[in-house]
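Here the protein sequences come in this chain order: A and B.
Using numbering that gives the first Met the number 0, the first residue of the first sequence is number 0, and each one after it goes up by one.
Using numbering that gives the first Met the number 0, the first residue of the second sequence is number 0, and each one after it goes up by one.
Glycine included, each C-beta is placed from N, C-alpha and C at the ideal position.
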Amino acid sequence: MPRRVQATLAVTMATALAAGVSGCAGWGGGPSGGGPNSINVLMVNNPQMVDLQQLTAEHFTAETGIEVNFTVLPENDVRDKISQEFSSQAGQYDVATLSNFEIPIYARSEWIAPLDDYVAADAEFDQADILAPMTASLSGDDGRLYGEPFYGESSFLMYRQDVLDAEGITMPANPTWQQVADIAARVDGVEPGMAGICLRGQPGWGQVFAPLTTVVNTFGGTWFTEDWEPGVDSPEFREAVQFYVDLVREHGEVGAPQAGFTECLNNLIQGNVAMWYDATSAAGSLEADDSPVKGLIGYAAAPVVETDSSGWLYAWSWSIQQASSKKDAAWEFISWASSREYEELVGNELGWSRVPAGKRASTYENPDYLAEASAFADPTLAAIESADPNDPGVQPRPAPGIQFMGIPEFPDLATQVSQDVSSAIAGRMTVDEALERGQQLADDVAERYRTREAE
Amino acid sequence: MSSITDIGPVPATRTPEGEEREPRKPRAGALLGLAAWLIGFLFVVPVLWMVLTSLHSEEDAATNPPSILAPLTLDGYQSFFGVGTGANPWPSLLNSLTASVISTIVVLVLAIPAAYALSIKPVRKWTDVMFFFLSTRMLPIVAGLLPIYLFAQWSGLLDNIWLLIVLYTAMNLPIAVWMMRSFLAEVPVEILEAASMDGAGLLLTLRRVVAPIVLPGIAATSLICFIFSWNELLLARTLTGTVAQTAPGYLTGFVTSQGLFLAQVCAAAFVVSLPVLIAGFAAQDKLVQGLSLGAVK
Chain A
0 MPRRVQATLA VTMATALAAG VSGCAGWGGG PSGGGPNSIN VLMVNNPQMV DLQQLTAEHF
60 TAETGIEVNF TVLPENDVRD KISQEFSSQA GQYDVATLSN FEIPIYARSE WIAPLDDYVA
120 ADAEFDQADI LAPMTASLSG DDGRLYGEPF YGESSFLMYR QDVLDAEGIT MPANPTWQQV
180 ADIAARVDGV EPGMAGICLR GQPGWGQVFA PLTTVVNTFG GTWFTEDWEP GVDSPEFREA
240 VQFYVDLVRE HGEVGAPQAG FTECLNNLIQ GNVAMWYDAT SAAGSLEADD SPVKGLIGYA
300 AAPVVETDSS GWLYAWSWSI QQASSKKDAA WEFISWASSR EYEELVGNEL GWSRVPAGKR
360 ASTYENPDYL AEASAFADPT LAAIESADPN DPGVQPRPAP GIQFMGIPEF PDLATQVSQD
420 VSSAIAGRMT VDEALERGQQ LADDVAERYR TREAE
Chain B
0 MSSITDIGPV PATRTPEGEE REPRKPRAGA LLGLAAWLIG FLFVVPVLWM VLTSLHSEED
60 AATNPPSILA PLTLDGYQSF FGVGTGANPW PSLLNSLTAS VISTIVVLVL AIPAAYALSI
120 KPVRKWTDVM FFFLSTRMLP IVAGLLPIYL FAQWSGLLDN IWLLIVLYTA MNLPIAVWMM
180 RSFLAEVPVE ILEAASMDGA GLLLTLRRVV APIVLPGIAA TSLICFIFSW NELLLARTLT
240 GTVAQTAPGY LTGFVTSQGL FLAQVCAAAF VVSLPVLIAG FAAQDKLVQG LSLGAVK
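Now the structure itself:
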């Protein structure tokens, strides 16, 4: 680089540095950008969060004087950004949406602040009202609480009651996977363009492997045994994946290898499938006022084989970054966003089907909510309460988690294996080939833990 | 996005130009014209599709096969501008504008003298210098991301628009120098000699002789720099947060894994690409001149 240019560049850099240090933060900050009475919140772009963003200024800031600046990102991006932000403890964000997958891991690294003292001092919040599996899954190894749920979900089977009725089929309240497969075969094609069942096939640990891992659990398989032996090519794991792949190939939706939550939701709403096994939080969209299938959907417990229940447990939750200098204001925000009062606010302002439910027992006693959500409230509550993240299968596990294994390596591992499973759903690979490679990958992960434990 | 927005207008505008300059036999000319329009149309179709989708409701946008004749609505645009969602696109748009405009000006201020010293009055070993400039682009930005992030955190520049301005300047400078050098090389030495024989000093020569010739080149260079800065996502998303977020970062916020978003994202993408489109159309004449100036060299 010519010296002149270099010198100019150096000057530019220095000017910019000076401008930055002197607090000239550019547009959009305004006087409150980094003020003492404002907090920064990093959150995933799910409909419940968009509602929150809409209600915050009028109902939270107006009452408390605390301004909330939101950054909203898609799920994968928000995970990247949160892990980058929290691992470096940059302190830019006071609050972030984490799930019960990350919270125990982040707590171990001391990236997030324990909330017990705040909860104890905040009688109005009423921690006892939070469903027990939620509190358990948001606590760290040290037994302290590190997150408060915003909304929780389990999984269950959604089906077109009218279609099954027309065929004279009755869905059992607690179906087995074989029964579900038989029903899928019978209703496949009864209406033009209608497939039997929608199951996620899109690669990703949070896509195909969310429902698929619950199927593996109930077939008796596991990613890892208690002493860190990989179980991906075990007969049970293999049988479960083969069953899933066969079912979705024979009676599943069009475009299954690319179908995730959103695609399946569309398929059920548009009458392209008769059944769908997925998150309980989907019910709110299915029963919304503008949904063409409102009132036509029946709900049954997550199908099982060897276990009594197999629904997953997931909660988008709030955590406070350890490096935050505004923890008190951050807690005030969390305490409001996860409160009963906020649920009532959403119910009254936006409609009860949009309430961020699945976290408080009182939600399921609220007559206003039950009037709107009667179709799915009880199945949802039952699914969440029956979920046990510490014992989801037939064998003891080395780490908690139902539709995931609570270790930092899991997203990478399961995402890689999911590529092959998705290929198997597309018919480009056999299940055996996919799982053979998966076993290798799982063994690489497990080996690290075996050596660590041997030390 | 850049691949659509920067190529879009060019094929369509170059055809009439070409026809005027080189009159061909009518039939061959008509065939070529038709082919050019067809290719131009192919490039524009995705943009038109995006605009059409942005005017549909979310449900219609998500259907497969697509429903082209579905009723039109402005819902997607309303949600982009935050009607009923509490989101506000203006800070992001202003941030993008600040970063793009300032970095483009700084780039031009630095690149034009550098290019002058590499073409009209070449310094010794100017080819090596050119290569050094280019070599700064050989490291993928993602490889430098972590050190940049740690530097920004250490210096307190995270979430500060000035950091992006510096980075965008550094990112575009080599391209601008290369482009400007090729434009300045077009200036015939004879004109410069004639000017100096007429007694014009350096500044006068630059202003009255060189500037008119390379103006189209400057227009093309600044547009390219503007587009690159405007569309940059990787650095912006890593280094900014609530205060200095740019428009592409705001745009990605519409993608959700739960629920429908296609119409919203299309509306957002269209609004975000509007400034580039407007700048492109405004500079169209100069741009075509500038680009063909480089091409016939």
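- The residue among A/Ser-108, A/Pro-132 and A/Asp-79 with its C-alpha nearest the C-alpha of A/Asn-99 is A/Pro-132.
- For a cut-off of 8 angstroms, the C-beta gap from A/Ser-153 to A/Leu-312 is around 6 angstroms, short enough to register as a contact.
- The contact set of A/Asp-411 on chain B, defined by CB atoms closer than 7 angstroms, is empty, because the minimum CB distance reaches about 18 angstroms.
- In the three-state reduction of the DSSP assignment, A/Gln-439 falls in the helix class.
- Sequence-distant Cβ neighbours of A/Glu-342 in its own chain, meaning closer than 8 angstroms and more than five residues away, are Val-354, Pro-355, Ala-356, Arg-359, Thr-362, Asn-365 and Tyr-368.
- Around the beta carbon of B/Gln-257, 16 or more other beta carbons lie within 10 angstroms, which makes this residue buried.
- At a cut-off of 8 angstroms between C-beta atoms, A/Gly-64 does not count as an interface residue with respect to chain B.
- If you check the CB distance, A/Ser-108 and A/Thr-217 do not come in under 8 angstroms.
- Secondary structure at A/Ser-138: strand, using DSSP grouped into helix, strand and coil.
- Every unbroken stretch of the alpha helix (DSSP H) spanning 4 or more residues and falling wholly within the segment 133-185 of chain B is given here in chain order: 140-154 and 160-183.
- Scanning A/Leu-156, A/Val-40, A/Leu-41 and A/Glu-57 for the CA closest to the CA of A/Glu-348 turns up A/Glu-57.
- Distance from the CA atom of A/Asn-36 to the CA atom of B/Ser-91, rounded to whole angstroms, is 22 angstroms.
- One thing to note: A/Thr-55 has its Cβ no nearer than 8 angstroms to the Cβ of A/Ser-316.
- Between B/Leu-133 and B/Pro-88, the C-beta gap is not smaller than 8 angstroms, which leaves the two residues out of contact.
- A straight line joining the alpha-carbon of A/Phe-223 with that of A/Asp-411 spans about 15 angstroms.
- The distance from the Cβ of A/Tyr-92 to that of B/Gly-252 is about 15 angstroms, inconsistent with a contact at the 8 angstroms cut-off.
- Only residues of its own chain outside the window of five on either side were considered, and among them Arg-180, Leu-183 and Ala-184 have a CB closer than 7 angstroms to the CB of B/Ser-118, listed in chain order.
- Counted as a single uninterrupted DSSP element, the beta strand (DSSP E) harbouring A/Tyr-313 occupies residues 313-319.
- A residue is called buried once 16 or more other Cβ atoms fall within 10 Å of its Cβ, and A/Trp-227 is buried on that count.
- Counting along the chain, A/Ser-98 sits inside the beta strand (DSSP E) bounded by residues 94-98.
- Assignment of beta-bridge partners to A/Ile-111 by DSSP yields A/Gln-320.
- Nearest to B/Gln-244 by alpha-carbon distance, out of A/Asp-442, A/Arg-451, A/Gly-64 and A/Leu-72, is A/Leu-72.
- Burial state of B/Arg-26 is exposed, judged by a 10 Å Cβ sphere holding fewer than 16 other Cβ atoms.
- Less than 8 angstroms divides the Cβ of B/Phe-79 from the Cβ of B/Ala-266.
- Assignment of beta-bridge partners to A/Gly-151 by DSSP yields A/Ala-314.
- Under the three-state reduction of DSSP output, A/Asn-266 falls in the helix class.
- Identification of chain A residues near B/Leu-157 by a Cβ-Cβ cut-off of 7 angstroms yields Ala-89 and Gln-91, ordered along the chain.
- Remark: three or more beta-carbon pairs, one from each stretch, lie closer than 8 angstroms, so the segment 106-126 of chain B and the segment 220-233 of chain B are flagged as touching.
- Taking CB atoms only, A/Ala-314 has no neighbour in chain B less than 8 angstroms away.
- Where A/Asp-245 is concerned, there is no enclosing beta strand (DSSP E), although the alpha helix (DSSP H) around it starts and stops at 234-250.
- Straight across, the Cα-Cα distance linking B/Leu-30 with B/Val-287 is about 22 angstroms.
- Closer than 7 angstroms at the C-beta level to chain A, one finds these residues of the segment 64-90 of chain B: Gly-83, Thr-84, Gly-85, Ala-86 and Pro-90.
- Judged by DSSP secondary structure, B/Met-196 falls within the alpha helix (DSSP H) whose first and last residues are 188-196.
- Contact annotation: the segment 237-256 of chain A touches the segment 414-434 of chain A, with at least three C-beta pairs closer than 8 angstroms.
- Nearest to B/Gly-85 by alpha-carbon distance, out of A/Pro-113, A/Glu-101, A/Met-48 and A/Arg-78, is A/Met-48.
- Taking 8 angstroms as the CB threshold, B/Ala-61 lines the interface with chain A.
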